[in-house]
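Chains as they are written, first to last, in numbering that gives the first Met the number 0: chain B, 0 to 232; chain E, 0 to 232. Don't be surprised by glycine CBs; every beta carbon is placed ideally from N, CA and C. Note that this is a predicted model, so its numbers are computed, not measured.
Protein chains: 2
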Amino acid sequence: MKEGPDIAHIAALIGDPARANMLTALMSGKALTVSELAEEAGVTIQTASSHLSKLDAGGLLRPRKQGRHKYFSLAGDEVAHVLEGLMGLAAGSGQLRRRTGPKDAELRQARVCYNHLAGDMGTQMFDSLIARGLVGLDGERLVLTDTGAAFAADFEIDIESLRKARAPLCRECLDWSERRSHLAGSLGRAFLTRFEELSWAKRDQKTRVVSFSRDGIRAFHDLFPTGSLPVGG
Amino acid sequence: MKEGPDIAHIAALIGDPARANMLTALMSGKALTVSELAEEAGVTIQTASSHLSKLDAGGLLRPRKQGRHKYFSLAGDEVAHVLEGLMGLAAGSGQLRRRTGPKDAELRQARVCYNHLAGDMGTQMFDSLIARGLVGLDGERLVLTDTGAAFAADFEIDIESLRKARAPLCRECLDWSERRSHLAGSLGRAFLTRFEELSWAKRDQKTRVVSFSRDGIRAFHDLFPTGSLPVGG
DNA sequence: TGAATGCTTCGACTAAGGTCGAACCATGAA
DNA sequence: TTCATGGTTCGACCTTAGTCGAAGCATTCA
């Protein structure tokens with residue numbers, strides 16, 4: 000009667016408002032404790048604990064114990080990817096729960112998507128990398144070219160150790176606000192980390208907003224020129 | 000407190016078993032009536048009607064009236080894409096509801112994903128198209144190259160009329176069984192249609208299985224050679 | 001050892017929503 | 001018009017599961 004895996008169970012897990020809030024909070028890419036997630040979802044700690052164990056059992060989260068704290072993060076890129084897709088559907092079907100407030104513009108410009116840069120600046124970066132042949136499509140998936148590897152090394156990203164890890168280096172991720180691709184994967188994460196190290200940008204603690212400094216924006220545009228800007232002269 | 004669109008509502012819509020069954024049935028790409036979907040989901044017609052109006056209100060379906068029948072199909076590619084993503088999560092988290100039966104192998108080999116070919120043969124086709132430069136990544140998204148357009152025209156696909164429609168021509172779609180990309184979009188749909196016209200394959204009426212004839216498989220492999228097969232000599 | 005903190009488990013309450021029978025509307029055929 | 005078929009609406013039932021108070025572990029710190 001029914002083929003394929005059990006969609007309903009997973010979707011139902013995401014479908015509860017409290018759990019959806021927790022997952023959305025985890026899209027910031029940071030690992031959060033039970034209490035923090037309870038606060039985020041607006042429920043008591045007991046309730047949060049119950050929700051989190053269900054999400055964990057469903058394979059959506061990765062728990063880690065540290066002392067008397069228990070940290071949760073998303074289980075992986077696939078989870079983040081599906082969540083972004085759902086956001087796209089929700090946004091597309093016209094029922095934005097959120098009236099467009101001041102924070103909304105910031106979110107569209109630059110935000111964190113799980114662990115990498117999303118929003119307008121995220122897609123700009125992706126476009127620039129593609130246009131200059133630093134990443135490309137080889138066979139079935141996105142790969143870093145040799146010039147791209149040199150470029151990243153120049154930016155002091157340790158490509159070799161990233162390659163050793165089993166997480167995919169490059170991934171495409173569809174942006175719900177821009178409806179275009181941006182760079183995910185461990186390389187995407189590494190770029191964002193570097194931006195923070197260089198103080199080009201810093202993440203807001205409570206929201207997913209990534210705020211770039213004035214100098215940061217300038218440096219970013221130098222590093223990732225887009226078609227409309229002068230490229231190499 | 001919470002940013003972004005309302006994930007929970009959409010996910011809850013998908014999260015009910017009866018509704019999930021309906022959506023899975025619609026992944027076949029065909030438009031189905033209320034009674035058919037009720038049968039598919041194992042509920043009475045009243046219940047199905049209630050579910051369908053909710054799914055419709057949520058923007059997941061596209062209803063069409065025809066005489067005294069009411070046909071439902073998925074609202075678009077984005078919906079199908081999210082559903083495939085959810086299947087991937089469900090399959091990945093190890094909890095396949097379905098014990099692997101005889102039909103499962105067929106599903107993995109070739110099935111319909113909304114309106115295009117998925118499964119092993121779907122990813123083979125995609126790989127072949129990419130490897131020979133018939134489709135490629137330009138800027139942010141997948142496009143048909145000039146040689147690709149000629150190739151499609153040769154296969155008697157009317158690219159021009161596809162271009163006129165507002166649906167995207169090429170899209171990547173992640174395969175839950177293969178965990179690799181295959182070709183979606185109106186071109187993906189057109190290819191599958193041609194396979195059926197040429198009697199290379201036909202869709203099973205009740206499931207998502209696409210069964211290729213012996214000649215069909217041979218012709219398919221000639222048209223979409225993979226790396227391990229001789230390409231042009 | 002004792003106190004404090006972070007989290008989990010248990011049990012009871014409650015609200016939300018899926019389900020179906022029955023009646024009702026709309027379309028098409030005789 | 002009359003009948004049959006496909007779909008919707010209404011109302012009542014009832015299961016499911018989200019919620020929190022209270023008690024129970026586990027870990028850290030003094």
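What is the C-beta distance between V111(B) and V209(B), in whole angstroms, given that I count them as a contact (C-beta under 8 Å)?
-> 6 Å
Against chain E, with Cβ distances strictly below 9 Å, would D119(B) count as a contact? no
Note to self: Using only CA atoms, which one of L22(B), A30(B), A17(B) lies nearest to I44(B)?
What the structure shows: A17(B)
Using the three-state DSSP reduction, which class does T192(B) fall into: helix, strand or coil? helix
Local conformation of P16(E) per DSSP, three classes:
helix
Notebook entry, point to check: If you follow the beta strand (DSSP E) that S72(B) is part of, which residue opens it and which one closes it?
Noted result: 68-73
Proximal residues, the region 31-53 of chain B versus chain E, C-beta separation under 8 Å: E39, G41
Give a yes or no on whether the minimum CB-CB distance between G66(B) and chain E is below 9 Å. no
> If we cut at 9 Å on Cβ distances, does H8(E) have a partner in chain B?
Replying inline: yes
Going by the beta-carbon positions, is the gap between A24(E) and A7(B) smaller than 9 Å? no
Out of curiosity, what's the CA-to-CA distance linking S52(B) and A79(B)?
18 Å
Count the other CB atoms, across all protein chains shown, that sit within 10 Å of the CB of D76(B); report buried if there are 16 or more and exposed otherwise.
buried
Per-residue contacts from G14(B) into chain E (C-beta, under 9 Å): I6, A7, H8, I9, A10, A11, L12, I13, G14, D15
* Measuring only between beta-carbons, confirm whether A148(E) sits less than 9 Å from chain B. => no
Item to complete: Determine the burial state of T122(E): buried for a count of at least 16 other Cβ atoms within 10 Å of its Cβ, exposed for fewer.
Response: buried
Original post:
Identify the residues that DSSP records as bridge partners of A200(E): which are they?
Top reply: F211(E)
Examine the Cβ distances between the region 214-226 of chain B and the region 157-165 of chain B and report whether three or more of them are shorter than 8 Å.
no
Classify R207(B): buried if its beta carbon has 16 or more other beta carbons within 10 angstroms, exposed otherwise. buried
Rounded C-alpha distance that separates P62(B) from G91(E): 17 Å
Exercise for the section: Determine the direct distance from the alpha carbon of D5(B) to that of A183(B), and round the result to whole angstroms. Expected result: 27 Å
*asked:* Please confirm whether T99(E) has its beta-carbon closer than 9 Å to some beta-carbon of chain B.
replied: Since pLDDT at T99(E) reaches only 38, below the 50 mark, its modelled position is unreliable, and no value is offered.
Checklist entry - How is the beta strand (DSSP E) around R61(B) delimited, first residue to last? => result 60-65
In the DSSP assignment, the alpha helix (DSSP H) including L36(B) goes from what residue to what residue? 33-40
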